[in-house]
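Right, one structure below, let's go through it.
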Amino acid sequence: MSIRVRFAPSPTGDLHVGGARTALFNWLMARKSGGTFILRVEDTDGARNTAEAAAGIIKGMRWLGLDWDEGPEVGGDCGPYFQSQRKNIYDAYFKKLEDAGRVYAEADGAMRFKFSRTAITVHDLVCGDVTFAPTEEPDMTIRRPDGSYIFHFVNVVDDIEMRMTHVLRGEDHLSNTWKHIDLFNAFGATPPTYAHIPLILNPDGSKMSKRDEGSAIEHSYMNAGFLPAAVFNYLCMLGWTPKAESEKLSREELTALFDADAIHSSNAKFDLKKALWFNAQYLRELSPEELLKHGRTFLAAKGLTWTDDAMAAAAVHSVREKVSLLTELPEWVHYFFREDYPFEADVVTKLKAKPENAGLLKAAAEQLAQTAEWTEQSVHDAVEAAAKALSVKPGAMMPLLRFALSGQSRGPGVTTIAHLIGKEKTLARIERALGEVVENAV
RNA sequence: GACCCCUUCGUCUAGCGGUUAGGACACAUCCCUUUCACGGAUGCGACACGAGUUCGAUUCUCGUAGGGGUCGCCA
Numbered sequence: 401m402s403i404r405v406r407f408a409p410s411p412t413g414d415l416h417v418g419g420a421r422t423a424l425f426n427w428l429m430a431r432k433s434g435g436t437f438i439l440r441v442e443d444t445d446g447a448r449n450t451a452e453a454a455a456g457i458i459k460g461m462r463w464l465g466l467d468w469d470e471g472p473e474v475g476g477d478c479g480p481y482f483q484s485q486r487k488n489i490y491d492a493y494f495k496k497l498e499d500a501g502r503v504y505a506e507a508d509g510a511m512r513f514k515f516s517r518t519a520i521t522v523h524d525l526v527c528g529d530v531t532f533a534p535t536e537e538p539d540m541t542i543r544r545p546d547g548s549y550i551f552h553f554v555n556v557v558d559d560i561e562m563r564m565t566h567v568l569r570g571e572d573h574l575s576n577t578w579k580h581i582d583l584f585n586a587f588g589a590t591p592p593t594y595a596h597i598p599l600i601l602n603p604d605g606s607k608m609s610k611r612d613e614g615s616a617i618e619h620s621y622m623n624a625g626f627l628p629a630a631v632f633n634y635l636c637m638l639g640w641t642p643k644a645e646s647e648k649l650s651r652e653e654l655t656a657l658f659d660a661d662a663i664h665s666s667n668a669k670f671d672l673k674k675a676l677w678f679n680a681q682y683l684r685e686l687s688p689e690e691l692l693k694h695g696r697t698f699l700a701a702k703g704l705t706w707t708d709d710a711m712a713a714a715a716v717h718s719v720r721e722k723v724s725l726l727t728e729l730p731e732w733v734h735y736f737f738r739e740d741y742p743f744e745a746d747v748v749t750k751l752k753a754k755p756e757n758a759g760l761l762k763a764a765a766e767q768l769a770q771t772a773e774w775t776e777q778s779v780h781d782a783v784e785a786a787a788k789a790l791s792v793k794p795g796a797m798m799p800l801l802r803f804a805l806s807g808q809s810r811g812p813g814v815t816t817i818a819h820l821i822g823k824e825k826t827l828a829r830i831e832r833a834l835g836e837v838v839e840n841a842v
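Residues in the first sequence are numbered from 401 upward in steps of one, following this note's numbering.
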């Protein structure tokens, strides 16, 4: 039988890391087996659900590259995929329970499901067999007085209706799973195979929730300068260890390696530093064009504009090993995009520090002015020649040029900067630095 | 309170009776180097505790402690 799995979020807020990883594992399982991945929106709580939240969850999943075979926007044979539109189905299932004498009404009209009160064992891929003794809990409410249904009921009905074979979900559901199995049994249906995955905790061990740093996909990752591939990869490492040499694995490799049995049973703390490391790894592998594509909005957000995409791509690519987040790009490359770049305080100090600096810069400029061909190598040779003529090391001249050309004390190679901005701007910038900073020295 | 899950370096983890307890991130030092990074090397650093079982426990069992979860007309 072909595997059918689902991600069933309730649209009460942003897509959360925990939810994203649950979706991820389900997606991996489906893709590995050639099965079906379903997105089902559990919007049965009219008071808390919003259309914006549903749209946000979909946006987050698309960003991560988690496409679904059945669900909102794509349809499928088991729809509708919004629980708020499936009332007739729930009514029919409710009737079955009613006919079997398994429900009864409360004074206010709420309906409860009569538990079987037998020992129930959950067969779980992650936790093993977990047996719950006959419960003493009150029977559970499955329908509100207004006729709308409760999570446990619709969740089970839909898992039956949508023919789910496996249910991979957060471990917070484990304690309630016996109730679901009780319902499956009452319907005469076979429960799916469960896999309760460990929770993602804050660094301090507390449960990670909406407000916590690193928790919301859109806010903490999408808008924070992460690459989807890096987040995809990092999230997989929380609670699962693929049998591979490296932890850095592509979507395809992770899919091929996925094994629900290998998912851990202990919770994992979120580690931003490691997430950043993954992102940095992915960032530096991007081609100039890809890096510009991903960095575009972040550059624009800082007011940087350009007309030459190739030049812009080369600029961001030149600092790819220096940043771990796309949001860091502007501060590293802004001077490639404008001539009125500011001079950092320590740069001003260093330029003014030694009286011979002006002479060194002028000598470099003169040599550079005579350079016909403009490549990184020719720039390098020119600086070397200028330095040699003054009997100083190129190492004494390079930093000064860096200060002049970028206004910063750190960045890509000086020859790279000069080559990218071109001869004309290189000379003009040295001129500007000489006039505005160096010769202003008292 | 009851029930359920969990417990190896700071963090993510490998380990499935005998290992100098391995790797990754982080951190520190060194090398490379026109800066910052990258890269390379080295170092720091863990089996929660107590009983059992066993010739031998990180590994199996029980207990304790600690962490997390569930017990809603939320999902």
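Glycine included, every Cβ here is placed at the ideal spot set by N, Cα and C. The structure displayed is predicted, hence computed values, not measured ones.
Which term fits residue i, buried or exposed, when burial requires 16 or more other beta carbons within 10 angstroms of its beta carbon?
i: Ala765; result: buried
i: Ser620; result: buried
i: Gly822; result: exposed
i: Ala624; result: buried
i: Val842; result: With a pLDDT of 43 at Val842, under the threshold of 50, the modelled position of this residue cannot be trusted, and the question is left open.
i: Gln777; result: exposed
i: Ser402; result: exposed
i: Glu473; result: exposed
i: Asp477; result: exposed
i: Tyr493; result: buried
i: Leu672; result: exposed
i: Leu790; result: exposed
i: Asp508; result: exposed
i: Ser806; result: buried
i: Thr749; result: exposed
i: Thr815; result: buried
i: Ser615; result: buried
i: Gln483; result: buried
i: Ala533; result: exposed
i: Ala753; result: exposed
i: Asp740; result: exposed
i: Arg611; result: exposed
i: Glu613; result: exposed
i: Pro812; result: buried
i: Thr422; result: buried
i: Thr697; result: exposed
i: Tyr735; result: buried
Could you check whether residue j and residue i sit closer than 7 Å to each other, using their CB atoms as the reference points?
i: Leu568; j: Ala595; result: yes
i: Ala714; j: Pro688; result: yes
i: Thr444; j: Tyr549; result: yes
i: Ala430; j: Phe437; result: yes
i: Ala355; j: Leu525; result: Outside the modelled stretch of the chain, which goes from 401 to 842, sits residue 355, for which no answer is possible.
i: Trp677; j: Ile663; result: no
i: Leu683; j: Arg738; result: no
i: His523; j: Val556; result: no
i: Val792; j: Ala818; result: no
i: Pro598; j: Glu561; result: no
i: Glu618; j: Gly418; result: no
i: His351; j: Leu691; result: Residue 351 lies beyond the residue range present for the chain, which begins at 401 and ends at 842; the question has no answer from this structure.
i: His573; j: Val405; result: no
i: Phe626; j: Leu428; result: no
i: Leu751; j: Val837; result: yes
i: Ala451; j: Val441; result: no
i: Asp539; j: Arg517; result: no
i: Ile830; j: Ala796; result: no
i: Phe515; j: Thr535; result: yes
i: Gln681; j: Glu744; result: no
i: Ser433; j: Cys527; result: no
According to DSSP, residue i sits in a beta bridge with which residue or residues?
i: Val530; result: Val522
i: Thr593; result: His566
i: His416; result: Ala616
i: Gly475; result: Gly471
i: Leu729; result: DSSP lists no partner for Leu729.
i: Ile600; result: Ala668
i: Leu439; result: Phe407
i: Met511; result: Ala505 and Arg543
i: Ile663; result: Trp640
i: Lys610; result: According to DSSP, Lys610 bridges with nothing at all.
i: Tyr549; result: Arg543
i: Phe482; result: Val441
So residue i and residue j are in contact, right, with Cβ under 8 Å, and what is the actual spacing, rounded?
i: Pro799; j: Glu784; result: 15 Å between Cβ atoms; not a contact.
i: Gln782; j: Leu768; result: In the sequence as presented, Gln is not what sits at residue 782; that position holds Ala. Yes, they are in contact, since the Cβ atoms of Ala782 and Leu768 sit about 5 Å apart, within 8 Å.
i: Leu601; j: Phe670; result: 7 Å
i: Asp582; j: Ile489; result: Not quite, the Cβ-Cβ distance comes to about 20 Å (not below 8 Å), so this is no contact.
i: Leu415; j: Phe632; result: Actually they do not touch by this definition, with Cβ atoms about 13 Å apart.
Pairs of beta-carbons, one from the stretch 453–471 and one from the stretch 538–548, closer than 8 Å: are there three or more?
no
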